[in-house]
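Student:
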Amino acid sequence: MFQINENYQKLPGSYLFSTIAEKVAAFTKVNPDKPVIRLGIGDVTQPIAPAIIAAMHKAVDEMAEAGSFHGYAPDLGYEFLRTAIVQNDYEPNNCGIHADEVFISDGAKSDSSNIQEIFSTGCKIAVTDPVYPVYIDSNVMAGRCGTYDAAAQMWSNVVYMPCTKENGFVPDFPKEAPDLIYLCIPNNPTGTALTKSQLQDWVDYANQNGAAIIYDAAYEAYIHEPDVPHSIYECKGAKNCAIEIRSFSKNAGFTGVRLGFTVVPKELSCGGVSLHAMWARRHGTKYNGAPYIIQRAGEAAYSKEGKEQLKCQVAAYMKNAAAIKKGLQADGYEVFGGVNAPYIWMKTPGHMTSWEFFDYLLEHANVVGTPGSGFGPSGEGYFRLTAFGSYENTTAALERIHAI
Ligand code: MLT
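In terms of the working numbering, the sequence shown opens at residue 972 and continues consecutively.
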């Protein structure tokens, strides 16, 4: 008789954004006359840039001709895209990353949840708290997290590194050295970042303790301050300990198109075994590549026109971030993030819990955000708003919040 993977039974509730979607759907059903403004999930709203659309059309036409048709993509992804990534994302900062260390995928969510497969189930993970839930949930599914304490909202076998206003959202090194460290910089959900020297300290820590860093740089395009690194490979020694995951979702609006990549440096090894070779083996076995049309779309994001158009899109979202920050501060809220990231992290007013504030905002302002506690125990008392809405909706939401 078959048996299920019991680890799935340990997962509490549903995925955070599914729970929110259900709550909002229930509210809308009962209140069809109250249009809701959604600043919850970090989903983009601007259409795909013209240079990218043109490249996709061209690629579609190529697929219609026998001479230019493409079947299965190469295991690691097309050379044209991997080269464009290296030339644009890594060479300018002298990261020393080569095209054959880049693995194209269908997005950072898949990669950040799948990457744990190449590590032993005995590895202990450390996460910043609050944290993007995918890192923990994927490790729970793999049986790495122990048991869940619902009251504390914590897993027995996970090292939590609190990031709160008290420590400036900079995690302290854990007392007990973990094996795998998840870092998301610029951070989802707090919208804050680390400076290059703070990140260098983490790289040094990982190398000294024999740990690997899973570095999620999905929000890299939103970095504005000069001392925030765009890649972990700007830090010395990072190629010996770090895997970097990137996305086209937030910089190029590909949340529905799906494209991302992971860099596994050839220097990264464990007991003489190359992690690059392991990830290549996994990729070859379990994945048939992002579609040709989509990889051409990704390449166009690096064209001159593409870069200019995407810069404008990012600037528009950051204009929203600045408006949210300013508007909430003027209303007396305590607000963080929003400078190097499209997320605003605010303290809930009074003694409201994150979910109480979620309900209050939905009920009285018809605005949807994300409760901080959904990202971990240290997120309790905080609330996240995304800058990915339209400017009109963003300012309308601020007016509604002002009015309550
Ligand atoms: C978020 O809202 O945290 C993100 O959109 C989720 C994701 O990128 O998967």
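Glycine included, each C-beta is placed from N, C-alpha and C at the ideal position.
Keep in mind it's a predicted model, so treat the numbers as computed, not measured.
1. Would you identify the three-state DSSP class for Tyr1273, choosing helix, strand or coil?
2. For the alpha helix (DSSP H) that contains Tyr1362, what are its first and last residues?
3. Can you tell me the Cα-Cα spacing of Met1125 and Asp1187, whole angstroms?
4. Asp1014 by DSSP, collapsed to three states: which one?
5. Check the DSSP bridge columns for Pro1133 and list the partner residues they point to.
6. Can you tell me where the alpha helix (DSSP H) holding Tyr1331 begins and where it ends?
7. Quick one: Cα of Asn1311 to Cα of Asp1120, how far?
8. Just the C-alpha distance for Gly1309 and Pro1157, rounded to the nearest angstrom, thanks.
9. Could you give the distance in angstroms between the alpha-carbon of Ile1214 and the alpha-carbon of Thr1324?
10. May I ask you to list the residues that DSSP assigns as paired with Met1317?
11. Give the straight-line distance between the Cα atoms of Asn1364 and Val1235, rounded to the nearest whole angstrom.
12. Is Asn966 near the ligand MLT - that is, is its Cβ less than 7 Å away from at least one heavy atom of it?
13. Start and end of the alpha helix (DSSP H) containing Phe1051?
14. Note down, in chain order, each residue of its chain lying with its Cβ closer than 6 Å to the Cβ of Leu1356, except the 5 sequence neighbours on either side.
15. Give a yes or no on contact between the region 1196-1214 and the region 1054-1070, applying the rule of three or more CB pairs nearer than 8 Å.
16. Identify whether Val1199 lies in helix, strand or coil by the three-state DSSP scheme.
17. Please identify the residue among Asn1085, Gln1058, Arg1229 whose C-alpha is closest to the C-alpha of Glu1072.
18. Whose CA, out of Ser1349, Thr1092, Glu1370, lies closest to the CA of Glu1137?
19. Using a threshold of 7 Å, is the CB atom of Phe1225 nearer than that to any non-hydrogen atom of the ligand MLT?
20. Helix, strand or coil: how does DSSP classify Ile1194 here?
21. May I have the straight-line CA-CA distance separating Thr1118 from Pro983, to the nearest angstrom?
22. Where does Gly1139 fall in DSSP's three states?
23. So, using beta-carbon positions, are Lys1167 and Tyr1190 closer together than 8 Å?
24. Report the three-state DSSP secondary structure of Tyr1258 (helix, strand or coil).
25. DSSP three-state label for Arg1267, please.
Tutor: Straight from the coordinates:
1. In the sequence shown, the residue the question calls residue 1273 occupies position 302. Looking at Tyr1273 - three-state DSSP - the assignment turns out to be coil, as it is neither helix nor strand.
2. As a first step, residue 1362 must be located in the sequence shown, where it is residue number 391. Residues 1362-1374.
3. Within the sequence shown, residue 1125 is the residue found at index 154, counting from 1. Within the sequence shown, residue 1187 is the residue found at index 216, counting from 1. The alpha-carbon atoms of Met1125 and Asp1187 are separated by roughly 22 Å.
4. For the purposes of this step, residue 1014 is taken as the residue at position 43 of the sequence shown. Looking at Asp1014 - three-state DSSP - the assignment turns out to be coil, as it is neither helix nor strand.
5. Along the sequence shown, read from residue 1 onward, the residue named residue 1133 stands at position 162. Bridge partners of Pro1133: Asp1100.
6. Within the sequence shown, residue 1331 is the residue found at index 360, counting from 1. Note, Tyr1331: alpha helix (DSSP H), 1325-1336.
7. Here residue 1311 refers to the residue found at position 340 when the sequence shown is read from its first residue. Here residue 1120 refers to the residue found at position 149 when the sequence shown is read from its first residue. In a straight line, the C-alpha of Asn1311 is about 33 Å away from that of Asp1120.
8. Position 338 of the sequence shown, counting from 1, holds the residue named residue 1309. Position 186 of the sequence shown, counting from 1, holds the residue named residue 1157. Whole-angstrom Cα-Cα distance: 10 Å.
9. Residue numbering aside, residue 1214 sits at position 243 when the sequence shown is read from its first letter. Residue numbering aside, residue 1324 sits at position 353 when the sequence shown is read from its first letter. The straight-line gap from Cα to Cα measures roughly 35 Å.
10. Translated into the one-based positions of the sequence shown, residue 1317 becomes position 346. Looking at the DSSP assignment, Met1317 forms a beta bridge with Val1306, Phe1354.
11. Translated into positions along the sequence shown, residue 1364 becomes position 393. Translated into positions along the sequence shown, residue 1235 becomes position 264. Near 40 Å, if we compare the C-alpha coordinates of Val1235 and Asn1364.
12. There is simply no residue 966 to check, as the chain begins at 972 and stops at 1375 in what is shown.
13. As a first step, residue 1051 is located in the sequence shown; it is residue number 80 there, counting from the start. In the DSSP annotation of this structure, the continuous segment of the alpha helix (DSSP H) that includes Phe1051 starts and ends at 1050-1056.
14. Sequence index remark: in the sequence shown, residue 1356 carries index 385 (1-based). Leu1010, Ile1295, Ile1315, Gly1340.
15. Using a Cβ-Cβ distance cut-off of 8 Å, the region 1196-1214 and the region 1054-1070 are in contact, since at least three pairs of beta carbons, one from each stretch, lie closer than that value.
16. As a working note, residue 1199 is residue 228 in the sequence shown. Residue state, collapsed to three classes: coil.
17. Working through the sequence shown from its first residue, we reach residue 1072 at position 101. It is Gln1058 whose Cα lies nearest to the Cα of Glu1072.
18. Working through the sequence shown from its first residue, we reach residue 1137 at position 166. With distances taken between Cα atoms, Glu1137 lies closest to Ser1349.
19. Within the sequence shown, residue 1225 is the residue found at index 254, counting from 1. False, no ligand heavy atom lies under 7 Å from that Cβ.
20. If you number the sequence shown from 1, residue 1194 lands on position 223. Three-state DSSP puts Ile1194 in coil, outside helix and strand.
21. Here residue 1118 is taken as the residue at index 147 of the sequence shown, counted from 1. Here residue 983 is taken as the residue at index 12 of the sequence shown, counted from 1. Taking the straight line joining both Cα atoms gives about 11 Å.
22. Within the sequence shown, residue 1139 is the residue found at index 168, counting from 1. Per DSSP, reduced to three states, the secondary structure at Gly1139 is coil, with no helix or strand assignment.
23. Position 196 of the sequence shown, counted from the start, is the residue given in the question as residue 1167. Position 219 of the sequence shown, counted from the start, is the residue given in the question as residue 1190. No.
24. Counting from 1 along the sequence shown, the entry for residue 1258 is found at position 287. Note: Tyr1258 maps to coil in three-state DSSP.
25. Reading the sequence shown from its first residue, position 296 is the one you call residue 1267. In the structure shown, Arg1267 sits in a helix (DSSP, three-state: H, G or I).
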